[in-house]
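Same order as they appear, the protein sequences are chains A and B. Numbering-wise, the first sequence is residues 2 to 170 according to my numbering. Numbering-wise, the second sequence is residues 2 to 673 according to my numbering. Everything on this sheet refers to the single structure shown next.
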Amino acid sequence: MCRILQITILMLLASVCFAQSVSRDEIRGLDEQIQDVKKDVIDLTAELAQLEEKLLFPSNTQASFFVSLAGDNAFSLEAVELKLNNEIVAHHLYTFREIEALQKGGVQRIYTGNVQTGNHPLEVSFIGKSASGKEYRASANYTVDKEVGPKFVEIKIAGAESAINFKDW
Amino acid sequence: MLPRLVSTPLGVALSSLCTFSFALGISSAAAAPVREKENLRDLFFGQALFQAYQENYFDAIVSLDTELNQYRRLDEPELDPFTTHYGQAEFSVGDLELSYRMHREAGRAIEAVLKGNVPQPVRNEAAYRLAKIQYHKQQPQNALHALEMIEGRVPERVRAEERFLRARVYMELGRFEEAVELLKDLKGESSLAGFVEYNLGIAQMKAGQEERGVLELTALGKTGSSDPARQALSDKTNLLLGYHLMETGELELARPYFDRVHLEGPFSNKALLGAGWVEARAGRFDRALVPWKLLQDRQATNEAVQEALLAVPYAYGKLDVHSTAAINYGRALETFSHEIDVLSNSIISIREGKFLEALRRKEADQVQNWVVALRNLPGAPETHYLLDLMASNDYQEFLRNYHDLNDLFERNESWLGSLTAYEDIIELRRSYYEPLLPGIDDKFRELDARIKLRIEQRDKFASRIEQMLVSRRPEYLAFADEQEARLKLARMREILARGPRHYSEEAEARIARLEGVLEWRLSTEYDQRLTEAYKHLQQLNEEIKKLQVVYHSFVRSRQAATHSYTGYNDTIAQLRSRLKMAQTKLEILMARQGTMLEALAVNELDRRRAQLESYQIKARFALADSYDRANELQEQRLDQRKIEQHRSSQPEALPQDNPPELEASTEEGDDA
């Protein structure tokens, strides 16, 4: 029965000894090949994304809208809706991970579309909650002045103040 | 990546420690990108962070790489808002690549920073990050070289982590005394609380300061926490010390360490088993039964529980309660038999590919501990048997890599579908624009000629006005009727000059008077007319500007129309071919990684099955032995009972001999 005790101690070794049947070189070689293919696919995806943007959203008509949070990190954004030219173009419900990412300073590209040069009315509304569970909602209007180049608009939501600020980039 | 093969409990501790420290490294890497929320100067950098914070490393790397490449191609990069984040982005891309298990790329990115002309603090941080990668790749010597590149002060936010890393590198290299010194200084560092003490204890024990090491680890083991990770570290420390002391024969000291392990935690089963063995080795089998009986009723797939199923009847046997021992051996045999069947079916399931199939399912992304949860799927293997294997860094890496490869494969499949859709779009655009464009081009050429003419006229006027500002040219400002009159008068002058005899002086005087009137008017109104002309030129410029806007807008639209369907075919064909090549590679690598995952899982299940079969044999022999002993005991008892019954059934016999007192007196009488 004392052998059982030894087995118990060896159990702790199990996590490091398991791979004995697979050769170390094989593992290393495979890992390096996986890293190479990851790099290839990353490069390829970047090129494909550029092709997609060029094809679907050429710079002379492209308008992109980004959502970010201002100030209070405890504010949880639940949903955002965008109306461009009086049509709903985006309605997003946020996951927990997305909320956290926004709270940490991430910026979400919520919508990319094509518009002609000139002025376009934009209406943004949001719903969210503070840490105490109080619900906040607000909406704001903005005029998107689309010129020849691509247009980037940041929608900065200050949840607890029920405010939405816009910034042209 | 490669696990260290160590054979002592301390070695185990050291290797387990890597799990803790690695987890710490990754979390800090993922959190590294931006701390200055308010100082974001580039939307696209923020977008990359949005992906990074959600641990969508692939998307984050693609975004950040694209940004960095575009920035490097700029003629005047310093004017771009991304400049503020450039250095941080270069680090972040390395961190993200590390989190995405692309160690080589991460190393290259950081080496590029080191080679660049950067300030010393940035260089120091880069050296630290490179060392972290080398350490993670289990190249402690290279990690130390990287750390030696650090000169002067390390940036505040990574200072403690740099020293902690240095200490761990020293430990890997067997320089425990130096590690102890560094770790002592780091005690009290809140971000590393627990990890520093754990490493310090191990380093002290390895450095020959056994007593201090045990004290250090004991103190750590006594700290409870509501945080599951901290509590697990504390439990692990107690378990380690408990087994270590039991190994060295200090049984009385070992027991309290096992008792301190949290009863609901991940190390509780091993602790209960250890607590029982301490008592059993001390010969107190009745006390050994307390933790073992508790363990006996837990999840039957656990290795410690299976061992307890044998240990409980073993203890009963030692206490001479052979019938209870036999009952418990019977229970153990029943469980082992069932579990051997489960293991055999699990091995068949893995060999049929159901394990990999389950790993590829969408839930793998969304359900926490999916690998464990997949046991609930019909036909899936019993993953509880794979928990220890899955908890190892290597297996985790294999699983993540397999999952990444599958994700990349699916992404590429989706792109292949998109490329077909893009070709359809391009074809539709071509069929729409191509018939329209020749007519539009003809009209445009006409308009273009007229526009050019007007622009030339404007330029001519502008140059005349410029000249008039320098030298007076009143005739340029004559109206149409005045120009006509001037021409008529000039012709009359010519006629007059050719035949002055035919005209009277009066006619000549009239011509002169008219010329004078005209000249007078042009001279006196010159300034006013020049101002008017200038104003008109300004108005004309406005109109020309509008015309040019429309002109350029048309040119752009015309170009956009062409660009919307021309020049894509080669690019799409090339990308499709590259995607297909990548898919072939991915399929091969997935198959290889999958085979490795399956082989390791099957090996583990085989090992557990072999162990159970060996337990089964032991239990059978022990069961037979217990029956024999129980029978023997029962027979003895029966014999005893028969003797007692026989005795009780006999009438009380008269004493044959005299009582001793009488015997004594008789003997005395005889002697007398």
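Glycine included, C-beta positions come from ideal geometry on N, C-alpha and C. The structure displayed is predicted, hence computed values, not measured ones.
Residue of B:159, B:183 and B:158 minimising C-alpha distance to residue 169 of chain B | Residue 169 of chain B sits at position 168 when you count from the first residue of the second sequence. The residue with the shortest Cα to Cα distance from residue 169 of chain B is B:183.
Determine the direct distance from the alpha carbon of residue 222 of chain B to that of residue 286 of chain B, and round the result to whole angstroms.
-> Residue numbering aside, residue 286 of chain B sits at position 285 when the second sequence is read from its first letter. Residue numbering aside, residue 222 of chain B sits at position 221 when the second sequence is read from its first letter. Rounded to whole angstroms, residue 286 of chain B to residue 222 of chain B spans 27 Å at the Cα level.
Would you report the Cα separation of residue 346 of chain B and residue 99 of chain A, rounded to the nearest angstrom?
-> Start at 1 with the first residue of the second sequence, and residue 346 of chain B comes out as number 345. Start at 1 with the first residue of the first sequence, and residue 99 of chain A comes out as number 98. Roughly 41 Å between the two C-alpha positions.
First and last residue of the beta strand (DSSP E) that includes residue 143 of chain A?
-> Indexing the first sequence from 1 puts residue 143 of chain A at position 142. First-last of the beta strand (DSSP E) with residue 143 of chain A: 136-147.
Contact list for residue 103 of chain B against chain A, beta-carbon separation under 7 Å = Position 102 of the second sequence, counted from the start, is the residue given in the question as residue 103 of chain B. Going along chain A in sequence order, the residues near residue 103 of chain B (Cβ under 7 Å) are 36, 39 and 40.
Interface partners of residue 463 of chain B on chain A, CB under 7 Å | By one-based count along the second sequence, residue 463 of chain B stands at place 462. Within chain A, no residue comes near residue 463 of chain B; the closest Cβ sits about 26 Å away, beyond 7 Å.
Using a Cβ-Cβ cut-off of less than 9 Å, give me the residues of the stretch 426-448 of chain B that come near chain A, in sequence order.
-> 426 and 427
Cα-Cα separation between residue 465 of chain B and residue 88 of chain B, rounded to whole angstroms = Here residue 465 of chain B is taken as the residue at index 464 of the second sequence, counted from 1. Here residue 88 of chain B is taken as the residue at index 87 of the second sequence, counted from 1. The straight-line gap from Cα to Cα measures roughly 56 Å.
Beta-carbon separation (whole angstroms), residue 406 of chain B vs residue 587 of chain B, contact threshold 8 Å | For the purposes of this step, residue 406 of chain B is taken as the residue at position 405 of the second sequence. For the purposes of this step, residue 587 of chain B is taken as the residue at position 586 of the second sequence. Right, their Cβ atoms sit about 5 Å apart.
Residue 153 of chain A touches chain B at which residues, Cβ-Cβ below 7 Å?
-> Numbered from 1 along the first sequence, position 152 holds the residue referred to as residue 153 of chain A. Those are 44, listed as they occur along chain B.
Comparing the C-beta of residue 66 of chain B with each C-beta of chain A, is any distance below 8 Å?
-> As a working mapping, residue 66 of chain B is identified with position 65 in the second sequence. Closer than 8 Å to some Cβ of chain A, the Cβ of residue 66 of chain B qualifies, so yes.
In chain B, what lies closer than 8 Å to residue 69 of chain A by C-beta?
-> Position 68 of the first sequence holds residue 69 of chain A. Within 8 Å Cβ-Cβ: 41 and 47.
Please list the residues of the stretch 93-122 of chain A that have a C-beta atom closer than 9 Å to any C-beta atom in chain C, keeping them in chain order.
-> Of the protein chains in this structure, namely A and B, none is chain C.
For residue 166 of chain A, the three-state DSSP class (helix, strand or coil) | Within the first sequence, the letter at position 165 stands for residue 166 of chain A. In the structure shown, residue 166 of chain A sits in a strand (DSSP, three-state: E or B).
Compare the C-beta of residue 63 of chain B against all C-beta atoms of chain A and say whether one is closer than 8 Å.
-> Here the question's residue 63 of chain B lines up with position 62 in the second sequence. At least one chain A Cβ lies under 8 Å of residue 63 of chain B.
Please confirm if residue 89 of chain A has its CB atom under 8 Å from at least one CB of chain B.
-> As a position in the first sequence, residue 89 of chain A is number 88, starting the count at 1. No, its Cβ sits nowhere closer than 8 Å to a Cβ of chain B.
Alpha carbon to alpha carbon, how far is residue 527 of chain B from residue 539 of chain B? Give it in angstroms, no decimals.
-> On the second sequence, position 538 is the one that residue 539 of chain B refers to. On the second sequence, position 526 is the one that residue 527 of chain B refers to. The alpha-carbon atoms of residue 539 of chain B and residue 527 of chain B are separated by roughly 18 Å.
Would you call the stretch 40-59 of chain A and the stretch 88-95 of chain A in contact, with 3 or more CB pairs under 8 Å?
-> no
Is DSSP giving residue 111 of chain A helix, strand or coil here?
-> The residue labelled residue 111 of chain A in the question sits at position 110 within the first sequence. The answer is strand: DSSP assigns residue 111 of chain A an E or B state.
When DSSP labels each residue in this structure, what does residue 154 of chain A get in the three-state scheme?
-> Taking the first sequence and counting its residues from 1, the one referred to as residue 154 of chain A is at position 153. Reduced to three states, the DSSP call for residue 154 of chain A is strand.
Does any C-beta atom of chain B lie closer than 8 Å to the C-beta of residue 128 of chain A?
-> Here residue 128 of chain A corresponds to residue number 127 of the first sequence, with the count starting at 1. No, its Cβ sits nowhere closer than 8 Å to a Cβ of chain B.
Determine, using beta carbons only, whether residue 326 of chain B and residue 650 of chain B come nearer to each other than 8 Å.
-> Counting from one through the second sequence, the residue named residue 326 of chain B turns up at place 325. Counting from one through the second sequence, the residue named residue 650 of chain B turns up at place 649. The answer is no: Cβ separation not under 8 Å.
Could you name the residues of chain B that residue 43 of chain A contacts, counting a contact when the two beta carbons are closer than 8 Å?
-> Taking the first residue of the first sequence as 1, we reach residue 43 of chain A at position 42. Per Cβ cutoff of 8 Å: 59, 62, 63 and 66.
With DSSP as the reference, label residue 125 of chain A as helix, strand or coil.
-> Locating residue 125 of chain A in the first sequence gives position 124, counting from the first residue. DSSP places residue 125 of chain A in strand when its eight states are reduced to three.
Touch check for the stretch 296-310 of chain B and the stretch 259-273 of chain B: three-plus C-beta pairs under 8 Å?
-> yes
Just grab the DSSP bridge partners of residue 77 of chain A for me.
-> For the purposes of this step, residue 77 of chain A is identified with residue 76 of the first sequence, where counting begins at 1. Looking at the DSSP assignment, residue 77 of chain A forms a beta bridge with A:130.
Under a three-way DSSP split, which group does residue 68 of chain A fall into?
-> Residue 68 of chain A sits at position 67 when you count from the first residue of the first sequence. In the structure shown, residue 68 of chain A sits in a strand (DSSP, three-state: E or B).
To the nearest angstrom, report how far apart residue 640 of chain B and residue 629 of chain B are at their CA atoms.
-> As a first step, residue 640 of chain B must be located in the second sequence, where it is residue number 639. As a first step, residue 629 of chain B must be located in the second sequence, where it is residue number 628. Cα to Cα, residue 640 of chain B sits roughly 16 Å from residue 629 of chain B.
Return the chain-ordered list of same chain residues with a C-beta closer than 7 Å to the C-beta of residue 530 of chain B, the five sequence neighbours on each side being excluded.
-> Counted from its first residue, the second sequence places residue 530 of chain B at position 529. These residues qualify, in order along the chain: 478.
Name, please, each residue of chain B whose Cβ falls closer than 9 Å to the Cβ of residue 149 of chain A.
-> One-based indexing of the first sequence puts residue 149 of chain A at position 148. 553, 554 and 557, listed in chain order.
Assign residue 1 of chain B to buried or exposed, taking buried as 16 or more other Cβ atoms, counted over all protein chains shown, within 10 Å of its Cβ.
-> An answer regarding residue 1 of chain B cannot be provided, because it is not within the stretch 2 to 673 covered by chain B.
Check whether the Cβ of residue 50 of chain A lies closer than 8 Å to any Cβ atom in chain B.
-> Walking along the first sequence from the start, residue 50 of chain A turns up at place 49. Chain B contact via Cβ: present.
Could you tell me the distance, in whole angstroms, from the CA atom of residue 563 of chain B to the CA atom of residue 125 of chain A?
-> Mapped onto the second sequence, residue 563 of chain B falls at position 562. Mapped onto the first sequence, residue 125 of chain A falls at position 124. C-alpha separation (whole angstroms): 35 Å.
Partner residues on chain B for residue 33 of chain A, Cβ-Cβ distance less than 8 Å = Here residue 33 of chain A corresponds to residue number 32 of the first sequence, with the count starting at 1. Going along chain B in sequence order, the residues near residue 33 of chain A (Cβ under 8 Å) are 105.
Got a sec? Which residues, its chain only, sit under 7 Å from residue 46 of chain B by beta carbon, not counting five neighbours each side?
-> Taking the second sequence and counting its residues from 1, the one referred to as residue 46 of chain B is at position 45. Taken in chain order, the residues that qualify are 68, 83, 86 and 90.
Limits of the unbroken beta strand (DSSP E) element including residue 151 of chain B = As a working note, residue 151 of chain B is residue 150 in the second sequence. Where residue 151 of chain B is concerned, there is no enclosing beta strand (DSSP E), given that its DSSP letter is neither H nor E.
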